[in-house]
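Okay, so here's the structure we're looking at.
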Ligand code: 5AD
Ligand code: FES
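In the working numbering, the protein residues as written are 4 to 346.
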């Protein structure tokens with residue numbers, strides 16, 4: 004019989020036991036080589052050498068949630084909190100637009116100051132000023148009604164990582180239940196958002212079975228975007244002493260996800276770049292086709308500290324756009340300015 008990774012390449016319609024067997028190949032160099040080769044082949048069929056770029060605006064680090072892994076969890080009294088004003092957000096967009104960004108991602112903690120009315124006002128303002136740009140929200144768990152209002156105000160996409168598809172594992176990472184999160188993702192799909200799910204790789208207590216369930220869930224949800232990155236401990240959380248997730252496993256899973264969801268928009272994440280100085284470039288070489296440079300004001304970047312040693316937060320990062328362009332070109336791809344919608 005053919006090795007499991009060849010069977011996956013031929014027909015990725017796998018079940019949980021198949022995925023478990025597949026994930027065990029992450030340590031087999033030939034399997035990794037083949038999966039990356041196939042992932043790159045597939046991404047080039049749909050997207051050629053293009054890499055899409057999203058301007059990330061981290062507009063608030065206030066959060067009412069208490070995810071055990073996250074540096075901006077509400078119980079972290081050491082976090083220096085900030086929120087950008089509407090004018091500051093608009094200034095980030097303006098700067099981003101001049102740099103060639105045609106997608107803005109508003110990301111923040113779950114901050115009660117930003118009521119639905121305030122969010123709707125900001126969404127409208129951005130879409131009026133930049134009608135040809137896509138607007139992505141990444142602002143957590145909300146009701147169907149809220150998601151509907153944001154969508155009607157003009158939001159195009161929504162990022163909400165599921166973090167882990169296994170209920171028991173979810174409860175070890177969060178005080179709340181997982182079912183809420185999954186329901187949110189289905190609500191967002193129903194409302195016509197392009198939806199992004201995803202998980203951390205190597206988060207505390209994660210097993211191979213959990214990762215297999217993540218892949219089954221992604222196959223079922225069929226998200227337009229998938230964000231994955233290694234877990235990285237934050238010194239002010241209860242997971243401070245836990246080991247970080249592996250770059251190799253993240254790259255392996257990027258390749259697997261590209262094969263599983265051929266047209267997916269798949270970022271090479273900041274967390275990957277934090278764990279390895281060439282992590283994002285390696286991500287592109289494993290099937291990723293999106294990068295998300297930071298557009299937040301440099302004075303606030305260090306404060307949006309989800310994990311330790313986050314890159315692109317120093318003065319040197321005032322111009323991530325140029326840095327990203329060079330990085331993408333260094334592995335033979337081209338950073339483009341188009342919106343980069345799901346195909
Ligand atoms: N390490 C890696 N990723 C993290 N995130 C939050 N905290 C960490 C951490 N310690 C990720 C989560 C979240 C996204 C915005 O950042 O997956 O969905
Ligand atoms: Fe931000 Fe390189 S991409 S500094």
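Just so you know, even glycine gets a beta-carbon here, dropped at the ideal spot from N, CA and C.
With respect to 7 Å, is the separation between the Cβ of residue 295 and the closest non-hydrogen atom of ligand 2 below this value?
As a first step, residue 295 must be located in the chain shown, where it is residue number 292. Because no heavy atom of ligand 2 lies under 7 Å away, the Cβ of residue 295 does not count as near it: no.
Test item: CB-CB of residue 291 and residue 197 under 8 Å
Along the chain shown, one-based indexing puts residue 291 at 288. Along the chain shown, one-based indexing puts residue 197 at 194. No; because the gap between Cβ atoms is not below 8 Å, this pair is not in contact.
Excluding the 5 residues preceding and the 5 following residue 114 in the sequence, name in chain order all residues of the same chain whose CB lies nearer than 6 Å to its CB.
For the purposes of this step, residue 114 is taken as residue 111 along the chain shown, with counting starting at 1. For residue 114, where only same-chain residues beyond five positions count, the Cβ hits under 6 Å are 63 and 65.
Separation of residue 276 from residue 338, as counted between CA atoms:
Here residue 338 corresponds to residue number 335 of the chain shown, with the count starting at 1. Here residue 276 corresponds to residue number 273 of the chain shown, with the count starting at 1. Cα-Cα distance, rounded: 17 Å.
List the endpoints of the continuous alpha helix (DSSP H) containing residue 286.
Numbered from 1 along the chain shown, position 283 holds the residue referred to as residue 286. Segment 282-287, the alpha helix (DSSP H) holding residue 286.
Count Cβ pairs between the stretch 161-179 and the stretch 119-138 that sit closer than 8 Å; are there 3 or more?
no
Between the CA atoms of residue 219 and residue 240 - distance to the nearest angstrom:
By one-based count along the chain shown, residue 240 stands at place 237. By one-based count along the chain shown, residue 219 stands at place 216. Each residue's alpha carbon lies about 30 Å from the other.
Compare the Cα-Cα distances from residue 55 to each of 262, 304, 269 and 144 and report the closest residue.
Indexing the chain shown from 1 puts residue 55 at position 52. Cα-wise, what sits closest to residue 55 is 269.
Residues bridged to residue 141 [DSSP beta-bridge criterion]
What you label residue 141 is simply residue 138 of the chain shown in a count that begins at 1. According to DSSP, which records beta bridges pairwise, residue 141 is partnered with 110.
Exposed or buried, what is residue 226 when buried is set at 16 or more other beta-carbons lying within 10 Å of its beta-carbon?
Position 223 of the chain shown, counting from 1, holds the residue named residue 226. Flag for residue 226 reads buried.
Is residue 311 near residue 235, with beta carbons less than 8 Å apart?
Position 308 of the chain shown, counted from the first residue, corresponds to residue 311. Position 232 of the chain shown, counted from the first residue, corresponds to residue 235. Yes; because the gap between Cβ atoms is below 8 Å, this pair is in contact.
Bridge partners of residue 55, per DSSP?
Residue mapping note: residue 55 aligns to position 52 of the chain shown, counting from 1. 293, per the DSSP bridge assignment.
DSSP-derived helix/strand/coil call for residue 314:
Mapped onto the chain shown, residue 314 falls at position 311. Coil, per DSSP.
Pop quiz: residue 282 and residue 250 are said to be a contact at Cβ under 8 Å. What is the actual Cβ separation, rounded to whole angstroms?
On the chain shown, position 279 is the one that residue 282 refers to. On the chain shown, position 247 is the one that residue 250 refers to. Correct: roughly 6 Å between the Cβ atoms.
Are the Cβ atoms of residue 340 and residue 103 separated by less than 8 Å?
The residue you call residue 340 lines up with position 337 of the chain shown. The residue you call residue 103 lines up with position 100 of the chain shown. Cβ distance < 8 Å, so residue 340 and residue 103 count as in contact.
With hydrogens ignored, establish whether the beta-carbon of residue 327 is closer than 7 Å to any heavy atom of ligand 2.
Within the chain shown, residue 327 is the residue found at index 324, counting from 1. For ligand 2, at least one heavy atom lies less than 7 Å from the Cβ of residue 327.
Using the Cα positions of residue 134 and residue 322, report the straight-line distance between them to the nearest angstrom.
Walking along the chain shown from the start, residue 134 turns up at place 131. Walking along the chain shown from the start, residue 322 turns up at place 319. For residue 134 and residue 322, the distance between alpha carbons rounds to 24 Å.
The alpha helix (DSSP H) with residue 161 in it runs from where to where?
Against the chain shown, residue 161 aligns to sequence position 158. Residue 161 -> not in any alpha helix (DSSP H); beta strand (DSSP E) instead, spanning 160-162.
What does the alpha-carbon distance come out to for the pair residue 22 and residue 180?
By 1-based counting over the chain shown, the position of residue 22 is 19. By 1-based counting over the chain shown, the position of residue 180 is 177. Distance between the alpha carbons of residue 22 and residue 180 is about 25 Å.
Is any non-hydrogen atom of ligand 3 found closer than 7 Å to the C-beta of residue 232, if you look at the structure I gave you?
Ligands present in the displayed structure are limited to ligand 1 and ligand 2, and ligand 3 is not among them.
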